[in-house]
Amino acid sequence: MNWPKHFTLTNQPTPITKLDRMSALYPDYEVYLKRDDLTGVELTGNKVRKLDFLVAEARLQGAERVITCGGIQSNHCRATAFYAQKIGLNTTLVLKGEKPRQATGNYLLNQLLGVDIKIISQEEYQQVDAIMADLAESYSEPCYVIPEGGSNYVGAWGYAKAFDEIMQQMPEVETIVVATGSGGTHAGLLLGKLLFKSDVTIISVNVCDDAAFFKNKIVRILNEVREHYALDFSVSEDDVHIIDGYVGQGYAKVGDKEIEAIKRVARIEGFVLDPVYGIKAWLGFEDALQNNTLPGQRVLFIHTGGIFGLFPFADLFGNVDRS
Ligand SMILES: Cc1ncc(COP(=O)(O)O)c(C=O)c1O
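The working numbering puts the first residue of the sequence shown at 3, with every later residue one more than the last.
Set out below in structure tokens:
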């Protein structure tokens, strides 16, 4: 495959492991986990695969600074700041919300890196693309703007390449399930499926908005990829499979159900999912295992990282007794 120019700063391929106890709980399936949380420490998670391509593109365009946006605890923003640091680019983060009283999680990591941070309100965030464009004009150095979540026609290549990686590691996989927050990971996996003309089913569980929103967004990203790189494939909303119904109390809102599930998964299989993305996707995944609605038998859940997003919710875990 002729991949667009990219860096590979992280640990790839990430391991795939069989979840024996989960497989025993759901005997119709063999359940596997792809550890994309193990791409790195500062560079943990799905965002860094997109950044392999986005930061390379920034470099190609001669940028000296990257500007991106997300929530106060955005994994994408933390990953961008560390990626840019390693490549020698400056970073500006436009963060939505309120300055935390105590720096923790991803916000703490951004602060210790000393990147430029601009905090804006939820309302102002509606205009975040315009705000980032204005900021880019305000710097004397050339800037490269990365949209929310790195989810565009450049970032999508990261998960097309991950799809190829999965096929080499586990050609027998039948269904891949992942979280969707801004659509880029799902779009990238689907791009890989289309490029390699694969039969694997790609499904995501949305952690915000709804299935209609993401079907539209993911097709839009893929159409942009096709146009920008003059590729030959067609895709429609029917090709985008979303499990809806696991947003819970809202994006980045965490209830007892998620907290209990994080503890349960950790105690059954010994890995930790984050409260904003991973656990909500997992709840959708487990219900589908339970209801036998996933195609095929060999199913792979992608752990997309997000561990630093756990710590701002420490209070919700109480004293984490075993009850
Ligand atoms: C840990 C984690 N998992 C999943 C996602 C969802 O990925 P995407 O934004 O590509 O849909 C994100 C970011 O949004 C994330 O930070």
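For each residue, glycine too, the CB sits at the ideal point set by N, CA and C.
Ligand 1 heavy atom lying under 7 Å from the CB of residue i
i           : result
residue 181 : yes
residue 231 : no
residue 2   : With the chain covering only 3 through 325, there is no way to say anything about residue 2.
residue 2   : The chain is shown from 3 up to 325; residue 2 falls before or after that span and cannot be answered.
residue 195 : no
residue 280 : yes
residue 255 : no
residue 48  : yes
residue 77  : yes
residue 10  : no
residue 64  : no
residue 243 : no
residue 19  : no
residue 187 : yes
residue 73  : no
residue 306 : yes
residue 151 : yes
residue 238 : no
residue 184 : yes
According to DSSP, residues forming a beta bridge with residue i
i           : result
residue 287 : According to DSSP, which records beta bridges pairwise, residue 287 is partnered with nothing at all.
residue 146 : 68
residue 80  : Beta-bridge pairing links residue 80 to no other residue.
residue 34  : 20, 302
residue 97  : 72, 121
residue 207 : 181, 245
residue 92  : 67
Status (buried if at least 16 other CB within 10 Å, exposed otherwise) for residue i
i           : result
residue 293 : exposed
residue 264 : buried
residue 231 : exposed
residue 67  : buried
residue 140 : exposed
residue 132 : exposed
residue 10  : exposed
residue 205 : buried
residue 284 : buried
residue 307 : buried
residue 319 : exposed
residue 90  : exposed
residue 233 : exposed
residue 164 : buried
residue 5   : exposed
residue 152 : buried
residue 114 : exposed
residue 270 : exposed
residue 258 : exposed
residue 59  : buried
Cutoff 8 Å; reference residue i; Cβ partners in own chain excluding five residues on either side
i           : result
residue 150 : 70, 71, 72, 78, 130, 184
residue 238 : 221
residue 337 : Past the edges of the chain, shown from 3 to 325, lies residue 337, and the structure says nothing about it.
residue 75  : 107, 108, 109, 254, 278, 310, 311, 314
residue 223 : 153, 154, 155, 158, 185, 186, 189
Same chain, Cβ closer than 6 Å to residue i, five either side skipped, listed in chain order
i           : result
residue 315 : 256, 277
residue 304 : 36, 38, 180
residue 213 : 244, 246
residue 240 : none
residue 144 : 64, 65, 66
residue 61  : none
residue 147 : 69, 134, 138
residue 217 : 239, 242
residue 188 : 182, 206, 220
Contacts around residue i, its chain only, beta-carbon distance under 7 Å, and the 5 residues preceding and following it disregarded
i           : result
residue 119 : 95, 97, 112
residue 40  : 13, 16, 17
**Asked** For the stretch 12-32 against the stretch 155-173, are there 3 or more C-beta pairs whose distance is under 8 Å?
**Response** The stretch 12-32, when compared against the stretch 155-173, does touch it at the 8 Å Cβ threshold.
**Asked** Between the stretch 40-54 and the stretch 78-94, do three or more beta carbon pairs fall short of 8 Å?
**Response** Touching, yes, given that three or more Cβ pairs across the two stretches are closer than 8 Å.
**Message:** Between the stretch 25-35 and the stretch 281-299, can you find at least three pairs of beta-carbon atoms closer than 8 Å?
**Reply:** As far as the Cβ criterion goes, the stretch 281-299 touches the stretch 25-35, which means the pair count is three or higher.
**Prompt:** Is the stretch 117-129 touching the stretch 192-206 in the sense that three or more CB pairs, one from each, lie closer than 8 Å?
**Reply:** These segments do not touch.
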